[in-house]
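Structure, as structure tokens:
Numbering (this note's numbering), first residue to last: 346 to 908.
Structure below.
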């Protein structure tokens, strides 16, 4: 029993250019007579289904040319050939024909069966061709198809005088994921990464899986991709997309990427050299750690580190007014009373949109731009908070919290700069809290304590941010001139369900209170988390449960609602 014949099939369309072809009544076959091959191709493309039928009687000695043209114009269409006398069927099948039958057989009940078999055979051919050129796990182009497309793209782009960018993308720490969660989990992560790459890029871009956790992206030049800076911007867009967590089963996992970049115009459109340079750039990126992108540099070996061209864009971000400040409200746990805000830097790139701070902050830190940007954040945030205070829009005993980067904290004249900035802004020192991470402080503890003492002398408060994630010694904590400990969100997110996280949070709160410090919990997202923190005696919190980071105009109305 043939499942094709017994299945319920829709009406089958038979396109033929043989006006002499006549068929017996077949309820499942609709014969569409066409005058030419062009008419057949147009009709099939419109219907996106059906079988193309060519007869030797109609095309005579031009039959093979007609077959070749159909295969070129309709590569996915099933093709049946009617011969006056069966001969050389094998040669026709090799040329791309699915089924061959005689004109006499076409008048019999075999036609429906032949059409169904032709469609099944063609679909099988398509599936086999797809499997030969695509990665079976992710469905992306495989290495063979990638090479074919790269060669074709280079020829076409060189002819048009346009550039091509090649990006090699590796998922960071993928081997660790496999070891911790197993290969099945790793496969699901690869599929999710492939989908995110496709969603991030244009439909015209080629995305391929080269094997393991390695991917390649071919970017053809267009109106919005003409040079290194724009290909670097695309690489940044990929990195930014991978800042969002992946949900694999019941697990949430963060996975960054390392990227190597090379431009075809720099290697005279030589595919082999283009691939080698992109690989070298990727290897250099991975040697430097995670979440880094490199463009291959021809002036130094093996690659010149640039954080995907963002440095150039960041140099102009201030003057082009692309930066803005957002304010994360902080409230008391016991009374839900507004206690202050933490200021956060945001970058709205005119092409990329919102750029993740986890992407551009490291660039600022590495290049030294963080000092200029940090001063801008401090100055503008202090002016804003001083303005709110002067108008009575925020209570006088509340605080503005500002993060200091490691490079900022190591400035020799930090305390003097803060003092002058507060005076210029008109903000009382007691309304400012500076946040530093414990790892920043422990980098040079003696110097750090001196700086903290100077800041405390000014009347500025100090908070240790992300407490518990660094490597500070509790023996030193009692001697530090600080005012607050901030519990990192990693100890808060599972505080309701994980007894270990709950124990850590409770211990931090008790330790802080015994040392005369206040505690602020980060990342509080629901009432259950807040209830646990209340039981532990936490002083303040911030997080999406109360409010997301808000623009300046939204803070006064929010404060009024808390009153």
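Don't be surprised by glycine CBs; every beta carbon is placed ideally from N, CA and C. All of these numbers come straight from a predicted model, not from anything done at the bench.
Just to confirm the assignment, what range does the alpha helix (DSSP H) spanning residue 564 have? Not the alpha helix (DSSP H): residue 564 falls in the beta strand (DSSP E), residues 559-565.
Whole alpha helix (DSSP H) runs in the segment 768-822 with 4 or more residues, listed along the chain? Those alpha helix (DSSP H) runs which fall completely within the segment 768-822 and span 4+ residues are 783-788, 790-803 and 819-822.
Going by the beta-carbon positions, is the gap between residue 676 and residue 883 smaller than 8 Å? When the beta-carbon positions are compared, residue 676 and residue 883 stay at least 8 Å from each other.
Consult DSSP for residue 650 and reduce its assignment to one of helix, strand or coil. At residue 650 the pLDDT is 43, less than 50, meaning the model places this residue with poor confidence; the figure from the coordinates comes in the next sentence. Looking at residue 650 - three-state DSSP - the assignment turns out to be strand.
Between the Cα of residue 439 and those of 461, 462 and 413, spot the shortest distance and give me the residue it belongs to. In terms of CA proximity to residue 439, 413 leads the group 461, 462 and 413.
Work out the CA separation of residue 810 and residue 864 for me, nearest whole Å. The C-alpha of residue 810 is placed about 10 Å away from the C-alpha of residue 864.
Residue range of the unbroken alpha helix (DSSP H) whose run includes residue 521: Segment 519-526, the alpha helix (DSSP H) holding residue 521.
My output table needs one value for residue 439: the three-state DSSP class, helix, strand or coil. Helix, per DSSP.
Going by DSSP in three states, residue 468 sits in which element: helix, strand or coil? Helix.
Do residue 670 and residue 616 have their C-beta atoms closer together than 8 Å? Against a cut-off of 8 Å, the Cβ pair of residue 616 and residue 670 comes out as no contact.
In whole angstroms, what is the alpha-carbon distance linking residue 708 and residue 885? Near 32 Å, if we compare the C-alpha coordinates of residue 885 and residue 708.
Same chain, Cβ closer than 6 Å to residue 846, five either side skipped, listed in chain order: Once the five neighbours on either side are set aside, the close Cβ partners of residue 846 are 836, 839 and 840.
Since residue 829 contacts residue 790 with CB under 8 Å, what's their CB separation in whole angstroms? A Cβ-Cβ separation of about 19 Å leaves residue 829 out of contact with residue 790 under the 8 Å criterion.
Span separating the alpha-carbon of residue 773 from that of residue 517: CA-CA distance, residue 773 to residue 517, rounds to 45 Å.
Pairwise C-alpha distance: residue 527 and residue 844: Taking the straight line from one Cα to the other gives about 25 Å.
For residue 878, count the other beta carbons within 10 Å of its own beta carbon; 16 or more makes it buried, fewer makes it exposed. Which is it? Only buried fits residue 878, as 16 or more other CB atoms lie within 10 angstroms of its CB.
Using CA atoms only, rank isn't needed, just tell me which of 605, 491, 599 and 577 is closest to residue 554. Nearest option by C-alpha distance: 491.
Residue 480: buried (16+ other C-beta within 10 angstroms of its C-beta) or exposed? It is buried - the Cβ of residue 480 has at least 16 other Cβ atoms within 10 Å.
Exposure of residue 812, with buried meaning 16 or more beta-carbon neighbours within 10 Å: Its Cβ being crowded by 16 or more others within 10 Å, residue 812 is buried.
Element boundaries [beta strand (DSSP E), containing residue 699]: Element bounds for residue 699: 698-700.
Near residue 537, what residues of its chain come up, given a Cβ to Cβ distance below 7 Å and the 5 sequence neighbours on each side ignored? Excluding residues within five positions, the ones whose Cβ falls inside 7 Å are 591 and 593.
Does the Cβ-Cβ distance between residue 686 and residue 745 come in under 8 Å? Their beta carbons are under 8 Å apart, which means residue 686 touches residue 745 by this criterion.
Enumerated in chain order, which unbroken segments of the alpha helix (DSSP H) with a length of 4 residues or greater are wholly contained in the segment 604-691? Entirely contained in the segment 604-691, the alpha helix (DSSP H) runs reaching 4 residues are, in chain order, 616-632 and 655-662.
Which residue marks the beginning of the alpha helix (DSSP H) containing residue 512, and which one marks its end? Careful: residue 512 lies outside any alpha helix (DSSP H), inside the beta strand (DSSP E) at 509-516.
Within this structure, are the beta carbons of residue 417 and residue 446 separated by less than 8 Å? Result no, Cβ atoms of residue 417 and residue 446 do not sit closer than 8 Å.
Identify whether residue 347 lies in helix, strand or coil by the three-state DSSP scheme. Summary for residue 347: the model assigns pLDDT 35, below 50, so the residue's position carries little reliability; its value from the coordinates is reported in the next sentence. Of the three classes helix, strand and coil, the one that applies to residue 347 here is coil, per DSSP.
Along the chain, where does the alpha helix (DSSP H) containing residue 750 start, and where does it finish? Premise fails: residue 750 is in no alpha helix (DSSP H) and is neither H nor E.
Quick check: residue 509 and residue 564, are their CB atoms within less than 8 Å of each other? In contact: residue 509 and residue 564 (Cβ atoms closer than 8 Å).
Cβ-heavy atom distance, residue 877 to the ligand ZN, below 7 Å: You won't find the ligand ZN in this model; it holds no ligand whatsoever.
Tell me, please, whether the segment 762-770 touches the segment 713-727 by the rule of three or more beta-carbon pairs shorter than 8 Å. The segment 762-770 vs the segment 713-727: in contact.
Pairwise C-alpha distance: residue 547 and residue 495: Answer to the nearest angstrom: the Cα atoms are 16 Å apart.
What residues match up with residue 551 in a beta bridge as DSSP calls it? According to DSSP, residue 551 shares a beta bridge with 563.
Roughly how far, in whole angstroms, is the beta-carbon of residue 831 from the beta-carbon of residue 870, given that I think they are within contact range, below 8 Å? In fact, because the Cβ distance is near 16 Å, the residues do not count as touching under 8 Å.
My understanding is that residue 396 touches residue 463, with C-beta atoms under 8 Å, so please give their C-beta distance in whole angstroms. At roughly 5 Å, the Cβ-Cβ gap stays under 8 Å, so residue 396 and residue 463 are in contact.
With respect to the beta strand (DSSP E) encompassing residue 591, which residues constitute its N-terminal and C-terminal limits? 591-593 is the span of the beta strand (DSSP E), which, as asked, contains residue 591.
Label residue 468 either buried or exposed according to how many other C-beta atoms from any shown protein chain fall within 10 Å of its C-beta, with 16 as the threshold for buried. Per the 10 Å Cβ criterion, exposed.
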